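Undergrad:
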Amino acid sequence: MQFALFLYDDERFHDLPEAEQMTVVSAHMAYGEALEKAGVFVHGEPLDHSRDAKTLRDDATVQDGPYADTKEQMGGFYIIDVADWDAALDWAKKSPTHTHGGHVEVRPIPNYAGG
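Written out as structure tokens, the structure reads:
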């Protein structure tokens, strides 16, 4: 069963000195390696700052930046393939996102194609 782990934080990462940014990046690299070693890693990517985003509204207008007016923004994601919710939550708890005040949203990915 596949799950998406959405990583949310207040984006202060982008304001950190490069050495501190690399500490965070290294922690995520190690986490990704642990996912791969366990055979559950499907895909994952960091996302650029939300100020660089565009939001397409339902009236076809384009808004710069994030739609939500909140300090926390999605900073990246992992897709994992595990047996069940318990395993997905166990991996989410191990995310380095928690070490600096962020949180992880876990969502199942439906398999509409079957198989």
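With the numbering used here applied, the sequence shown covers 6 to 120.
Cβ coordinates follow ideal geometry from the N, Cα and C atoms, glycine included.
Note that the structure is predicted; figures quoted are calculated from it, not measured.
#1: Which same chain residues end up closer than 7 Å to residue 77 when comparing Cβ atoms and leaving out the 5 residues on each side of it in sequence?
#2: Can you list, in chain order, the residues of its chain whose CB lies under 7 Å from that of residue 111, leaving out five sequence neighbours each side?
#3: Can you tell me which of the three DSSP states residue 86 falls into?
#4: Determine whether the beta carbon atoms of residue 80 and residue 101 lie at a separation below 8 Å.
#5: Please name the residue or residues paired with residue 51 in a DSSP beta bridge.
#6: Classify residue 40 as buried or exposed, calling it buried when 16 or more other Cβ atoms lie within 10 Å of its own Cβ.
#7: Does the beta-carbon distance from residue 6 to residue 87 come in below 8 Å?
TA: Taking the coordinates as given:
#1: Numbered from its first residue, the sequence shown carries residue 77 at position 72. Answer for residue 77: 13, 14 and 15, listed in chain order.
#2: Indexing the sequence shown from 1 puts residue 111 at position 106. Hits under 7 Å: 8, 10, 93, 94 and 97.
#3: The residue labelled residue 86 in the question sits at position 81 within the sequence shown. Here residue 86 sits in strand by DSSP.
#4: For the purposes of this step, residue 80 is taken as the residue at position 75 of the sequence shown. For the purposes of this step, residue 101 is taken as the residue at position 96 of the sequence shown. Against a cut-off of 8 Å, the Cβ pair of residue 101 and residue 80 comes out as no contact.
#5: In the sequence shown, residue 51 corresponds to position 46, counting from 1. In DSSP, residue 51 forms a bridge with 81.
#6: To locate residue 40, count along the sequence shown from 1; it is residue 35. Burial call: buried.
#7: In the sequence shown, the residue the question calls residue 6 occupies position 1. In the sequence shown, the residue the question calls residue 87 occupies position 82. Against a cut-off of 8 Å, the Cβ pair of residue 87 and residue 6 comes out as a contact.
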